[in-house]
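Residue numbers (UniProt numbering), protein chains in the order written: chain B, 1 to 386; chain Z, 1 to 386; chain W, 1 to 386; chain D, 1 to 386.
Number of protein chains: 4
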Amino acid sequence: MTTLTSALGRPLRLAVIGGGPGSFIGSIHRGGATLDGHFQVVAGAFSSDPERSRQAAIDLHIERGYASGAELIDAEAGRPDRPDVIAIMTPNNSHHALARQALARGFHVMCEKPLTLTAAEADDLVQAARQADRLFCVAYAYTGFPMVRQARRMIADGVLGELRMVQCEYLQGHLARVSEAETRATDWHFDPAVSGSSLILGEIGTHAWHLAQFVSGMQPSALTAEVCATAPGRQAHDYATVMTRYDNGARGMIWVTQAAAGAEHGLKFRIFGTEGGLEWHQQQPNELIYRPLDQPCQVLVKGGPGLSEAARRVSRVVIGHPEGYQEAFASLYHDLAEAVVARETGQTSLSADNAFPTVEDGADGMHFIETALRSVAEGGVWVPMR
Amino acid sequence: MTTLTSALGRPLRLAVIGGGPGSFIGSIHRGGATLDGHFQVVAGAFSSDPERSRQAAIDLHIERGYASGAELIDAEAGRPDRPDVIAIMTPNNSHHALARQALARGFHVMCEKPLTLTAAEADDLVQAARQADRLFCVAYAYTGFPMVRQARRMIADGVLGELRMVQCEYLQGHLARVSEAETRATDWHFDPAVSGSSLILGEIGTHAWHLAQFVSGMQPSALTAEVCATAPGRQAHDYATVMTRYDNGARGMIWVTQAAAGAEHGLKFRIFGTEGGLEWHQQQPNELIYRPLDQPCQVLVKGGPGLSEAARRVSRVVIGHPEGYQEAFASLYHDLAEAVVARETGQTSLSADNAFPTVEDGADGMHFIETALRSVAEGGVWVPMR
Amino acid sequence: MTTLTSALGRPLRLAVIGGGPGSFIGSIHRGGATLDGHFQVVAGAFSSDPERSRQAAIDLHIERGYASGAELIDAEAGRPDRPDVIAIMTPNNSHHALARQALARGFHVMCEKPLTLTAAEADDLVQAARQADRLFCVAYAYTGFPMVRQARRMIADGVLGELRMVQCEYLQGHLARVSEAETRATDWHFDPAVSGSSLILGEIGTHAWHLAQFVSGMQPSALTAEVCATAPGRQAHDYATVMTRYDNGARGMIWVTQAAAGAEHGLKFRIFGTEGGLEWHQQQPNELIYRPLDQPCQVLVKGGPGLSEAARRVSRVVIGHPEGYQEAFASLYHDLAEAVVARETGQTSLSADNAFPTVEDGADGMHFIETALRSVAEGGVWVPMR
Amino acid sequence: MTTLTSALGRPLRLAVIGGGPGSFIGSIHRGGATLDGHFQVVAGAFSSDPERSRQAAIDLHIERGYASGAELIDAEAGRPDRPDVIAIMTPNNSHHALARQALARGFHVMCEKPLTLTAAEADDLVQAARQADRLFCVAYAYTGFPMVRQARRMIADGVLGELRMVQCEYLQGHLARVSEAETRATDWHFDPAVSGSSLILGEIGTHAWHLAQFVSGMQPSALTAEVCATAPGRQAHDYATVMTRYDNGARGMIWVTQAAAGAEHGLKFRIFGTEGGLEWHQQQPNELIYRPLDQPCQVLVKGGPGLSEAARRVSRVVIGHPEGYQEAFASLYHDLAEAVVARETGQTSLSADNAFPTVEDGADGMHFIETALRSVAEGGVWVPMR
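Structural data, given as structure tokens:
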């Protein structure tokens with residue numbers, strides 16, 4: 001993987017909007033982009049205060065600092081050494097405008113999820129990306145784990161037979177207690193005007209929804225949902241369960257919450273087909289449990305025997321050496337880099353295993369949110385998807 | 001525990017109906033009844049063929065064999081050394097009549113689940129048991145595990161604060177493939193006239209439903225359900241998901257299936273309250289994961305430090321020595337024995353930790369089945385319980 | 001398995017010496033003997049006080065109580081309905097004499113481990129058993145777990161190729177703290193005259209030593225040992241590590257302790273051959289980790305696909321229903337019962353999978369203890385076995 | 001952590017010797033150095049072929065490429081923008097000369113393990129580093145995991161009381177089969193002139209030895225060892241067990257092998273004291289099992305409640321997001337960077353939790369190897385350390 005950019009004779013250039021010093025997601029994006037040596041971070045906008053934004057760039061040893069994302073996009077667009085990709089990691093309500101502008105100026109885009117505030121905005125970005133003919137990656141980071149890629153490949157290859165059940169859950173505990181930041185809305189996540197119509201669905205529901213489809217390769221045709229606040233006195237949603245139906249008769253279920261006291265980061269899927277089942281847990285990401293029908297259970301491991309090229313190409317370290325969240329993020333940047341380099345060097349096709357989540361995936365997540373909320377509003381009925 | 005029956009000067013006497021040689025559940029009942037030395041099996045009816053039934057009794061070294069349950073109840077009722085308890089482990093459609101008869105003749109009853117074919121039959125047994133003033137245990141065996149008792153006690157003691165989420169799942173895989181016995185209905189489980197209106201809900205749905213309530217101490221006020229067959233060509237239900245609401249605003253979810261290829265016996269609950277969470281998995285039954293809010297996770301173990309009397313009284317072996325399904329069953333018989341001995345010796349009250357599931361619990365399971373099926377029939381709407 | 005004794009027309013008869021009410025091992029032996037319906041406990045000696053012994057028998061609903069083991073053996077030997085087997089679960093220093101007497105009176109014997117106080121006594125019992133032509137089972141109970149039997153069968157069948165490493169560890173924590181019972185020697189385990197020359201080696205070292213051989217099928221040719229007390233102020237050994245060599249060039253290692261603070265009952269083996277490895281942990285006894293060379297790891301489970309008859313014949317409950325220590329004990333009694341019945345009915349051969357540990361295994365454990373202590377006494381040198 | 005180098009106004013500069021494109025350890029070092037933004041890689045020597053070395057630098061987007069480590073050190077020493085640190089990841093037999101030269105030219109050093117070929121060479125480097133007054137980090141990477149740091153801090157704080165047992169094992173399986181590269185010695189690891197006197201002790205024995213001391217804070221006073229080849233026909237050592245004694249009466253044990261068929265990367269320690277025990281497994285690195293005496297077991301997790309500053313300062317992502325081997329490596333570079341910056345900015349003391357392994361630790365590993373081999377040569381006797 002270290003020679004992906006050799007053909008260019010330079011690393012790709014990345015500009016970041018949001019994610020300054022002290023931000024968790026900022027260091028994850030920069031670390032993910034640079035880990036494999038594909039990207040160099042050349043510009044950033046970290047604060048609406050020009051002085052603080054500039055200082056942040058200096059502290060991070062990033063060459064060019066800007067006072068706003070809009071200014072960055074405008075200024076960088078005119079440079080001969082302009083960035084190849086703009087990465088957007090600001091609060092949700094600014095994604096649409098920034099991504100719109102970046103596309104309009106001809107940049108490829110990496111954008112945090114949820115993609116936008118509404119499905120309409122998201123559909124607009126889908127159109128804009130198509131018109132601009134630019135690459136657009138949405139940061140559904142869990143798709144970058146090698147064993148998630150392995151599961152996806154096995155299912156695509158028919159190893160499980162026809163799928164019958166798709167379950168995905170995502171349990172966190174950090175909202176088990178109603179916080180002061182929440183009640184005063186000093187945390188933007190709790191302000192619907194900034195974060196969107198459903199905290200839980202936007203924050204982690206879209207992850208679970210997307211992961212289920214990314215791995216299963218199937219799209220539910222209808223759903224019924226329960227979305228609510230379980231913590232006494234809370235306004236924002238902290239809990240959702242969703243039941244789904246697929247056209248082939250399979251059934252699915254999603255359970256997401258951030259109010260499960262003591263839960264850590266329990267993203268997990270279990271998928272069963274006529275010929276076997278798969279189980280993956282984000283907290284032990286280097287293992288994939290495979291249960292072939294009528295045969296002993298297998299534990300597939302990253303770097304171990306029996307893995308597909310889909311898993312190997314996003315693995316960095318040999319068997320038994322754990323890789324984690326940062327590496328999964330790097331795999332999204334890796335796939336994006338591969339696609340950008342292919343564009344720059346005139347290649348016409350990518351590996352079938354290049355699988356970064358796209359703007360369409362991001363838009364699908366917004367439709368999921370709105371469909372689930374419609375089911376709730378109508379008393380818990382089944383609602384078709386699209 | 002070995003002296004529970006010393007006051008009587010004899011072990012309790014048990015008669016069993018159903019569960020002859022080769023039957024899984026038969027040996028589990030007999031082993032459960034005798035493991036702690038509380039019961040002696042004195043009579044049995046194992047087959048509708050008088051000769052085979054008698055031979056079965058001889059093979060099992062049981063003194064008296066009968067050609068039918070009805071005959072057994074009649075004949076044993078008149079003996080001076082009559083059994084204290086009649087245990088019924090026949091196909092579901094015979095539970096009601098046999099239990100009715102046993103109660104009418106003054107026996108205490110142990111009965112397999114699902115209790116009956118319909119909620120109406122079940123309610124009738126509740127009335128009959130009350131009128132006869134007899135003890136009636138329903139074999140929800142998972143309630144006998146020490147760490148299930150521990151979880152129940154912790155929640156009752158308020159350790160989790162107010163409960164907010166109750167999830168219970170039960171995944172099996174033996175029906176992943178449609179079998180010949182099923183399509184020809186040579187297995188009574190697939191004949192609704194014998195097993196009841198929903199295979200999956202009767203077989204394991206009632207277990208999950210009851211366990212959630214046994215541990216949480218809360219009864220859902222409404223539910224919405226999806227109940228169906230996922231295996232292509234199957235008639236009988238093999239899959240159900242249920243979403244529940246509780247009066248205090250908590251939410252719940254149940255997922256049961258016997259068609260999850262490769263799944264073993266994945267009965268598991270996760271319960272979260274304002275002050276912490278608990279997780280238990282039947283396949284590692286001697287552990288209970290306790291997640292106190294804002295403190296490190298604890299792994300409570302059977303026989304280990306920090307356990308309640310509720311767990312200790314149904315533990316037989318010291319720390320680290322695994323106890324399993326047979327022992328859980330024995331704990332139901334233990335609690336029943338304790339209650340019978342209390343009656344016989346004129347004690348007026350039992351330990352608060354005596355917790356065998358009752359005829360009311362069995363009837364509640366039947367109401368759960370009918371309510372869930374009503375939700376499905378009405379298009380997946382929310383339906384109140386009772 | 002329920003018809004093992006049908007040919008006799010009666011259950012086998014067992015007399016127990018030691019293990020009265022309140023004794024952990026007493027209820028385990030009685031439960032193990034009766035769980036499968038093979039044995040009926042007909043007589044017992046539970047105390048050197050005649051009155052207490054008799055009362056214990058009454059409390060346990062056992063027909064005949066005696067004031068001593070010697071009296072029991074003498075009295076029962078003359079009865080027409082005399083016991084088939086005498087089970088000895090008294091303190092270690094009485095095993096030799098009681099077993100000697102039982103053999104002399106023609107009884108088959110079940111005896112707790114360590115077999116005796118010295119290797120010389122043990123060798124004497126081997127001779128006595130041969131001369132008496134009686135069956136003699138030593139209660140190395142961990143050999144009764146289905147997945148231990150599975151491991152043994154796989155290795156015997158060559159699944160691992162030639163063995164290269166045999167590791168067995170057994171970590172307990174209940175002696176992490178020096179107790180009052182210990183310093184005053186009110187607990188017989190701490191009195192070498194009663195328990196033998198090395199507490200740790202007798203109590204659990206022999207288990208680990210035997211298990212390694214039972215599963216691997218190989219006998220070390222030499223060892224070097226470290227045996228000591230690690231708890232400050234303790235006299236008795238609470239820790240041992242042993243390195244072993246095998247004739248085929250394989251190496252082995254044993255680690256046993258009862259002073260590992262917080263450890264539960266961590267008996268575990270890991271065995272590696274040229275074609276794969278096996279791992280088993282007593283605390284998750286229903287799983288066996290199988291690592292075939294260059295292929296994905298498998299988790300074999302009790303009752304699951306791919307198991308041998310050796311495992312199935314000592315499994316009672318279907319897949320995913322945990323079986324534990326009590327059931328493992330029952331499997332020793334099961335194998336012993338099968339052998340006794342074979343004798344009584346004139347069968348000449350037993351199943352190759354009948355595998356109860358014998359008096360020779362018990363004697364080998366005593367030689368292990370003495371060889372290990374010799375290595376220590378000589379400064380930690382390598383000492384040949386036998 | 002992102003502002004560690006802000007005071008310098010530039011990232012630190014790193015030159016790397018060895019580890020070109022395709023090298024596993026090369027990308028790990030570069031990724032580790034740059035992940036947190038502390039270092040920029042400015043120069044490299046990747047091949048003894050000048051053209052290939054230059055091309056490698058170009059492919060990796062590294063500014064200056066050299067045909068040899070010696071040339072790099074000489075040339076870079078004279079630059080005004082000379083590197084702060086030289087990282088050496090060449091075969092073992094070149095470590096001593098390169099590190100010697102780097103120290104002589106005033107560079108701080110990061111060096112792979114085993115430090116040298118002999119203890120004498122290693123002692124020489126200790127002297128050289130002291131004389132040059134330069135920082136010297138040895139890449140014992142497992143010391144960088146947050147939960148390893150947590151364990152070390154807990155023990156140093158006395159949480160376990162006085163230590164009684166220190167066990168460390170490290171099981172790999174990639175040498176289960178004798179390879180062609182091995183028999184023809186086309187892999188330098190199998191050439192003692194290049195890799196040193198004991199493959200297994202140099203490759204992973206030193207890791208296990210160091211980790212035991214790093215965490216326990218105790219140094220064994222004597223050892224006895226078994227070191228050998230278990231694979232038939234192999235010359236190089238692939239297996240070692242070591243028993244240790246500590247001055248306070250504690251005992252220890254080490255088990256390392258690369259020939260355990262099917263094993264992955266099983267580095268694990270278990271340490272027990274008078275007040276509790278700790279257990280850590282590299283394959284689940286974000287968990288630390290803590291067993292306080294007489295209290296329930298706790299599972300401490302990276303980013304979770306109850307952690308020390310020692311763990312937090314080397315954690316990058318919030319609770320439940322796994323961090324792995326690459327991040328552990330980054331933590332060594334982080335600690336080294338912190339120390340270099342402190343030097344450059346005239347700070348006199350470092351955090352007590354800065355804990356990068358030093359040249360003295362590297363030398364201790366070489367003494368361990370030689371002492372263990374001496375024990376073997378003398379027939380398995382106990383040998384004092386130093």
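Idealized CB from N, CA, C, for every residue including glycine.
{"Asked": "Chain W contact for glutamine 298 of chain B (CB, 9 Å cutoff)", "Found": "yes"}
{"Asked": "Nonlocal neighbours in the same chain, by C-beta distance under 8 Å from glycine 306 of chain W, ignoring five residues either side", "Found": "Gln298 and Leu300"}
{"Asked": "Rounded C-alpha distance that separates glutamine 347 of chain Z from valine 341 of chain Z", "Found": "8 Å"}
{"Asked": "Neighbour-count burial assignment, asparagine 92 of chain B, 16 or more Cβ in a 10 Å radius", "Found": "buried"}
{"Asked": "Residues in the segment 265-295 of chain B having any Cβ partner in chain W nearer than 8 Å", "Found": "Tyr290, Asp294 and Gln295"}
{"Asked": "Endpoints, the alpha helix (DSSP H) within which alanine 132 of chain D is located", "Found": "119-132"}
{"Asked": "Residues sharing a beta bridge with tyrosine 140 of chain Z, DSSP", "Found": "DSSP output for tyrosine 140 of chain Z lists no bridge partner at all."}
{"Asked": "Any chain W beta carbon closer than 9 Å to glycine 303 of chain B", "Found": "no"}
{"Asked": "Interface flag, glycine 320 of chain W vs chain B, CB-CB below 9 Å", "Found": "no"}
{"Asked": "Asparagine 248 of chain D classed as buried or exposed, judged by whether at least 16 other C-beta atoms fall within 10 angstroms", "Found": "exposed"}
{"Asked": "Residues near isoleucine 200 of chain W in its chain [Cβ-Cβ closer than 8 Å; skip 5 each side]", "Found": "Val227, Ala236, His237, Asp238, Tyr239, Ala240, Val256, Thr257 and Gln258"}
{"Asked": "Own chain, CB closer than 7 Å to glutamine 213 of chain Z, minus 5 neighbours either side, in chain order", "Found": "Gln219"}
{"Asked": "Proximal residues of chain W, C-beta to C-beta of cysteine 228 of chain D below 7 Å", "Found": "Arg251"}
{"Asked": "Per-residue burial, methionine 1 of chain W [other beta carbons within 10 Å of its own, 16 or more giving buried]", "Found": "For methionine 1 of chain W, the predicted structure reports a pLDDT of 37, less than 50, and the residue's modelled location is therefore unreliable. The matter cannot be settled from this model."}
{"Asked": "Same chain, Cβ closer than 7 Å to glutamate 121 of chain B, neighbours up to 5 away in sequence not counted", "Found": "His96"}
{"Asked": "Three-way DSSP call (helix, strand, coil) for methionine 1 of chain B in this model", "Found": "Note that methionine 1 of chain B scores a pLDDT of 37, beneath 50, so its modelled location is shaky; the value from the coordinates is reported in the next line. Coil."}
{"Asked": "Inter-stretch contact at 8 Å, needing at least 3 Cβ pairs: the segment 317-334 of chain D / the segment 279-293 of chain B", "Found": "yes"}
{"Asked": "Residues bridged to methionine 110 of chain W [DSSP beta-bridge criterion]", "Found": "W/Ala87 and W/Cys137"}
{"Asked": "With 16 other Cβ atoms within 10 Å as the buried cut-off, status of threonine 206 of chain D", "Found": "buried"}
{"Asked": "Per-residue contacts from residue 388 of chain Z into chain B (C-beta, under 7 Å)", "Found": "In the structure displayed, chain Z extends from 1 to 386; residue 388 of chain Z sits before or after that span and is not available."}
{"Asked": "Within chain W, partners of glycine 379 of chain B - CB distance below 9 Å", "Found": "Those do not exist, as glycine 379 of chain B stays about 38 Å from chain W at its closest Cβ, beyond 9 Å."}
{"Asked": "Contact set between the segment 49-62 of chain D and chain B, restricted to residues whose Cβ is under 7 Å from the partner", "Found": "Asp59, Leu60 and His61"}
{"Asked": "Cβ-Cβ separation, glycine 18 of chain Z to glycine 31 of chain Z (assumed contact under 8 Å), whole Å", "Found": "So it is not a contact: roughly 15 Å between Cβ atoms."}
{"Asked": "Glutamine 167 of chain Z versus arginine 152 of chain Z: straight-line alpha-carbon distance, rounded", "Found": "14 Å"}
{"Asked": "CB contact check: glutamate 327 of chain B to chain D, cutoff 9 Å", "Found": "yes"}
{"Asked": "Expected contact under 8 Å - CB spacing of tyrosine 252 of chain Z and leucine 171 of chain Z to nearest Å", "Found": "Strictly speaking, residue 252 of chain Z in this sequence is glycine, with tyrosine absent from that position. Going by Cβ atoms, the distance from glycine 252 of chain Z to leucine 171 of chain Z rounds to 17 Å, so no, they are not a contact pair."}
{"Asked": "At least 3 beta-carbon pairs within less than 8 Å: the segment 98-118 of chain B vs the segment 70-78 of chain B", "Found": "yes"}
{"Asked": "Segment contact, 8 Å Cβ cut-off, at least three pairs: the segment 35-44 of chain W with the segment 63-72 of chain W", "Found": "yes"}
{"Asked": "Whole-angstrom C-beta distance between glycine 262 of chain Z and glycine 173 of chain Z, which should lie under 8 Å", "Found": "5 Å"}
{"Asked": "Cutoff 9 Å: methionine 110 of chain Z Cβ touching any chain B Cβ", "Found": "no"}
{"Asked": "Where the alpha helix (DSSP H) through valine 359 of chain D begins and ends", "Found": "359-377"}
{"Asked": "Simplified DSSP assignment, three categories, for methionine 154 of chain Z", "Found": "helix"}
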